[in-house]
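Report on the following structure.
Protein chains: 4
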Amino acid sequence: MMLHFENDYSEIAHPAVLQRLVETNLVSVSGYGNDPYCESAKERIRTACSCPNADVYFLVGGTQANATVISTMLRQGEGVLAADTGHIADHEAGAVEYTGHKVLTIPHVNGKVTPEALQAYLRAFHTGANTDHMVYPGMLYISHPTEYGTLYTKQELTEISAICREHEIPLFLDGARLGYGLVSDGADVTLQDIAGLCDVFYIGGTKVGALCGEAVVFTRGGTPRRFVSLMKQHGALLAKGRVLGAQFDTLFTDDLYVQISKNAIETARILKAAFSEKGYRFYIDSPSNQMFVVLDNETLHRLEKDVVFSVWGPEDENHTIVRFVTAWSTRMEDVQALIALL
Amino acid sequence: MMLHFENDYSEIAHPAVLQRLVETNLVSVSGYGNDPYCESAKERIRTACSCPNADVYFLVGGTQANATVISTMLRQGEGVLAADTGHIADHEAGAVEYTGHKVLTIPHVNGKVTPEALQAYLRAFHTGANTDHMVYPGMLYISHPTEYGTLYTKQELTEISAICREHEIPLFLDGARLGYGLVSDGADVTLQDIAGLCDVFYIGGTKVGALCGEAVVFTRGGTPRRFVSLMKQHGALLAKGRVLGAQFDTLFTDDLYVQISKNAIETARILKAAFSEKGYRFYIDSPSNQMFVVLDNETLHRLEKDVVFSVWGPEDENHTIVRFVTAWSTRMEDVQALIALL
Amino acid sequence: MMLHFENDYSEIAHPAVLQRLVETNLVSVSGYGNDPYCESAKERIRTACSCPNADVYFLVGGTQANATVISTMLRQGEGVLAADTGHIADHEAGAVEYTGHKVLTIPHVNGKVTPEALQAYLRAFHTGANTDHMVYPGMLYISHPTEYGTLYTKQELTEISAICREHEIPLFLDGARLGYGLVSDGADVTLQDIAGLCDVFYIGGTKVGALCGEAVVFTRGGTPRRFVSLMKQHGALLAKGRVLGAQFDTLFTDDLYVQISKNAIETARILKAAFSEKGYRFYIDSPSNQMFVVLDNETLHRLEKDVVFSVWGPEDENHTIVRFVTAWSTRMEDVQALIALL
Amino acid sequence: MMLHFENDYSEIAHPAVLQRLVETNLVSVSGYGNDPYCESAKERIRTACSCPNADVYFLVGGTQANATVISTMLRQGEGVLAADTGHIADHEAGAVEYTGHKVLTIPHVNGKVTPEALQAYLRAFHTGANTDHMVYPGMLYISHPTEYGTLYTKQELTEISAICREHEIPLFLDGARLGYGLVSDGADVTLQDIAGLCDVFYIGGTKVGALCGEAVVFTRGGTPRRFVSLMKQHGALLAKGRVLGAQFDTLFTDDLYVQISKNAIETARILKAAFSEKGYRFYIDSPSNQMFVVLDNETLHRLEKDVVFSVWGPEDENHTIVRFVTAWSTRMEDVQALIALL
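In structure tokens, the structure reads:
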């Protein structure tokens, strides 16, 4: 029996979410999200965001949500800015480029786009010569938590938002792991902050208690025209939209989304303390549920026999960067078993 | 309480399918379809198809499956042939064109492509002048049952397959409602026939007992290179592939897929008899679970108060073509209640 | 020595146009259309159109102009309406679909879209159910003269324009052979009419005296944002834009464009009279420079020995529809030689 | 009267090229490259390349040639590798991404891809984990001369070619300025070397004596199926293909292409000597016809009054990198006039 620390989607769904599907299974409703579960879930999300006029849509997965939002908000000839470590830049198999748009990269600092680098990029473009021959930076994509598990501060997010508004481009926040970001140690950005500062973002379900599903929230009226049709065109309109609606309705009842996220942070905290104590070195310091650790290759091969984790890449000939991830579903007994192996 | 006859995806999933998800919920497995449920389901599907070397992949929905299969099997500059009533031609919001490929239409006969029309199209193209300026017909798409609920005969499918092989283009069968097609009155095409005659097809789950999911089967070694990566690029690679695997594994255990399909045909048979008896006129004669009925507009408005069904379009000023659909989940009591209203 | 009647681009350019290139050959100017020849040509075109605020751009060829204009004026999820005989529907190798947009076809009448059919299509769409699953008709494409050499009347064009404005979609006129349309027998649509009734159109150079080049005219302020950059993205921004500018500047000096077009109509008139006199049957009656004639196959094979013309397709087993075309450059002696062969 | 040193396309065409168009102007030939001029030009190019079986096609411009070749040679899901300074990466307005393919960048060394960096990238990809989620490196794009005017050595090109063949990806060389590269001081790569080591390359006409046109050469049988149709789909098939054919036929008669290139190198040599002598600093050392010079901003503004050149970007607050370019058409008197101003 292997210990699974490779990602935060190794189990299906929080039991309360699955139970909701069982309970509503044979209730007949219309398709494509025109159902009372979706309506209720949207309203709960608007309330949680303090954003009563937001447009909310449910998509199935993260890559799909990213490609659909980005391609429909960009105009032809525009690209999306992202950190060079951004998920869309590296790990979505070119899904954004497949829609005809370039991902324009900015060197990351701890997985983040800094306000300074963003402003420099945009100023250089808008004062440069010959920009007719270049891709227009038409949108900013950030992830929170980032691909390195790091978090934007409220100060950073505020500055980034202001720069985007100065240059009149939308700010899109990928919240695939948003729940974990909200409850991480030292987190000072709330869901309401995000709704207020971003033009569009999504609340990740797949990695935070749902069977599948991401809730895309357009906060300020910039919803692309005929967005449901565009979702259909992307193959991203689920026939049984009610499956997504019922899940998010459950996750946003009694603060379940936030409450179940805490387990990931608590188990990660214990694990990180153990790594430190036993002399392991972190590749990057992350306050959320992803831990990047440098293993000597001997340890790597020893651990691989009992534990599933992700290999990030070689550091040098003898060392490898690996990732351990906790989730809403991580069992403390598995954490202890892993610690015993370190 | 409305009676739902608008489609075959008004409920979530067959209870046995949902139960399987509940039972396996907290078992930790790897993502993206690298899990024992997918492996088992693929093997069961290969067996059911008598196609031991088939490549099987699980996608989330029909439009996504169509766009992904078509765009990855076509080369640049090629289009896909389809009946002008084909789902990809009319009702997928241009999803195929969005991938850069034209849908080349052939006039339908009862929702079907006839072997004669297909051969004529291909012969004309391949003997014509100036075809460098035209889109190359690089694939044939058919649906079975069709969008009108009709079925190909084994003879027709055999002829169509032979024509495709003569012209060296793949034959793709959209089986979104395949289960119903296999058990319809007079159906003479089996799953094994389809696997033997088509290059690729999919077994619809969304409309036949699954929460979501379509099983794409490449039967003859023509699987596009790096297909998993291409699914990812299309936003069609589910993180929790095991959710799809577990469902198809259940549906292909003890012939469940076929057994639950019968309910749709039995309830449709009773309903069709009632329509006929009460003097309603069918727009098209369908042996499967979709019924196309011509209503005078007064009846239309009366029925709409208690029954949900689809409006297909006006026949003339006073008559409208509507569609009633049954499913694995249709309750006989609802059928009787509808009949009482006719 | 074959007689060439296959198209209207068998020679390079009107001598005055080529002479202009020779004269300005070694004058050094900036690239990409930022030169005095383009400026002058644009101004002359605005004047000829009585459209002082029009935006004018020079592209190299017709397919390129069509794909660039259509893809940049449509939003994602929208398609372009066209007659089913429209050049973009059949003879551009899927160039529009390659940009991700569907060509939505309307059955033609003599190669034209009728106002009635257009209105019916748009009304049906906008009052229909389930249009989220369909491609939005976002633009109308017509050609003038059409692919069959026929012409819109001013009345027809006025009605079509009004319908487009009612539904708030742009009207795009492909004028690849516009010069010939302006001087055809019975033509009652002027360049100013077109500029007043269309949102965008192009004045064909390739087929009317230029070496290459089409002048795209946005008449009413709907020019896509950053259009030069979008041309570049399409590979449609000529480095030596001045080559296009100098040609159109010459063609729009002293009414040259219109004057040289007359030769095509005069030679066609004589040829048509000869066809009629000798008992040939026309497939369609065209007032401009394209003639569609039905040949028995014996005559076809006899003529092919001395004359180059286009085969349009079989009419029946023994007859073939062929096309003869005249141009600004057609020599009367060649016309007489062809007549002698009939 | 300004002195033009901004690029190598400020004049139209070498007089002999233009003269050929004048001479053949009214000869009637078929369209789309099916003419004797194209045939003859192709044969001359095959001979010049010592590549008797090469497939040769004529396209209009460089961005168009790059996008058409790259998109038709890549499979879906594949990207093209290029130096981060490569023209396709930065200065083609996202034309490659518009076709759905990512440009994968490798840090340049003097504008070049080094064999070491290429091998490292490909080895890392092919031994890496999780590459299903990444874009497959399916082709290498290099330019020769590069965007910085530098040249590959025969040794480098040989090693790069071997690495591409080891990993079974085509090597594509953008020769927009190829003529200048062949005659630069110290150049040791011949046209025959390029034909032998690359899978596809193009011989630039636009910047080397033609009015427009690039000759794409597939050297080893990898020509995409139905390439003419794919050119049409890209809007890259010129109706009057003969205009391109006649130009290249002239350029490849009596070694004209190479002979006229020498003027650019000779004038550049004199100019570079003058820059050095007068104490100007080069940003990068280039042996071909592009010179990158660092100007203090005072000098920049002074020179701008009389000379047209390109601003590359700021070096620091007080200095700017600019580019001067010579060409086949550069007049020695203009060089002397520029030197007098330095």
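Residue numbers (my numbering), protein chains in the order written: chain A, 12 to 353; chain B, 12 to 353; chain C, 12 to 353; chain D, 12 to 353.
Positions of the beta carbon are idealized from the N, C-alpha and C atoms, including for glycine.
When CB distances to chain B are screened at a threshold of 8 angstroms, the residues of the region 218-246 of chain D falling below it are P235, R236, R237, V239, S240, L241, K243, Q244, in chain order. Remark: fewer than three beta-carbon pairs, one from each stretch, lie closer than 8 angstroms, so the region 314-322 of chain C and the region 335-347 of chain B are not flagged as touching. With a cutoff of 8 angstroms on beta-carbon distance, T278/C and T337/C are scored as near each other.
Cβ proximity to chain B below 9 angstroms picks out T142, D143, H144, M145, V146, Y147 from the region 138-156 of chain D.
Sequence-distant Cβ neighbours of G72/B in its own chain, meaning closer than 7 angstroms and more than five residues away, are T217, C223, E225. Bridge partners of Q301/B according to DSSP: V336/B. Look at S297/C: its C-beta is not under 8 angstroms from any C-beta on chain A. With contacts defined as CB atoms closer than 8 angstroms, M242/D and L85/D fail to qualify as a contacting pair. Counting the other Cβ atoms within 10 Å of the Cβ of P63/C gives fewer than 16, which makes it exposed. The residue among A187/A, H178/A, A128/A with its C-alpha nearest the C-alpha of H98/A is A187/A.
Annotated as proximal: P156/D and Y191/D, with beta-carbon spacing under 8 angstroms.
Against chain C, the beta carbon of Y268/D has no neighbour under 9 angstroms; the closest one sits roughly 18 angstroms away. V114/C sits in a strand when the DSSP states are folded into three classes. Take D199/B, set aside five residues on each side of it, and the residues of its chain with a beta-carbon closer than 7 angstroms to its own are T164, K165, in chain order. Y48/B sits away from T58/B, with the two beta carbons spaced by 8 angstroms or more.
The beta-carbon of G42/B is placed no less than 8 angstroms from the nearest beta-carbon of chain D. In this chain, R292/A is not harboured by any alpha helix (DSSP H); it is covered by the beta strand (DSSP E) spanning 292-295.
The C-beta distance from G233/D to V211/D rounds to 7 angstroms, short enough to meet the 8 angstroms contact threshold. By alpha-carbon distance to M12/B, the top candidate from N329/A, V40/A, R31/A, F16/A is V40/A. H112/A is not a Cβ neighbour of V80/A, given a cutoff of 8 angstroms. Here DSSP, grouped into helix, strand and coil, assigns D46/A to coil. Each residue's CA atom was taken as its position, placing G42/A and V146/A some 39 angstroms apart. Taken atom to atom, the span from the alpha-carbon of G149/D to that of L133/B is near 32 angstroms. At a cut-off of 8 angstroms between beta carbons, T83/B contacts chain D.
Taking a 10 Å sphere around the C-beta of T161/D, we find 16 or more other C-beta atoms and assign the residue as buried.
Taking 3 residues as the minimum length, the beta strand (DSSP E) runs contained wholly in the region 85-161 of chain C are 89-94, 114-117, 147-154, in order along the chain. With a 10 Å radius around the Cβ and a threshold of 16 neighbouring Cβ atoms, K251/A comes out buried. DSSP places F69/B outside any alpha helix (DSSP H); the residue lies instead in the beta strand (DSSP E), whose first and last residues are 66-70. In terms of beta-carbon proximity, E127/A stays away from the interface with chain D, with every pair separated by 8 angstroms or more. At a cut-off of 8 angstroms between C-beta atoms, Y109/A counts as an interface residue with respect to chain B.
Secondary structure of E326/C (DSSP, three-state): strand. Bounds of the beta strand (DSSP E) holding E225/A are 225-229. Annotation: the region 156-198 of chain B contains the following complete segments of the alpha helix (DSSP H) (minimum length 4 residues), in chain order: 165-177, 189-194. At least one C-beta of chain A is nearer than 8 angstroms to the C-beta of Y20/B. Per DSSP, the unbroken beta strand (DSSP E) holding Y213/C starts and ends at 211-215. Looking from the CA of P26/A, the closest CA among D19/B, R334/B, L29/B belongs to L29/B.
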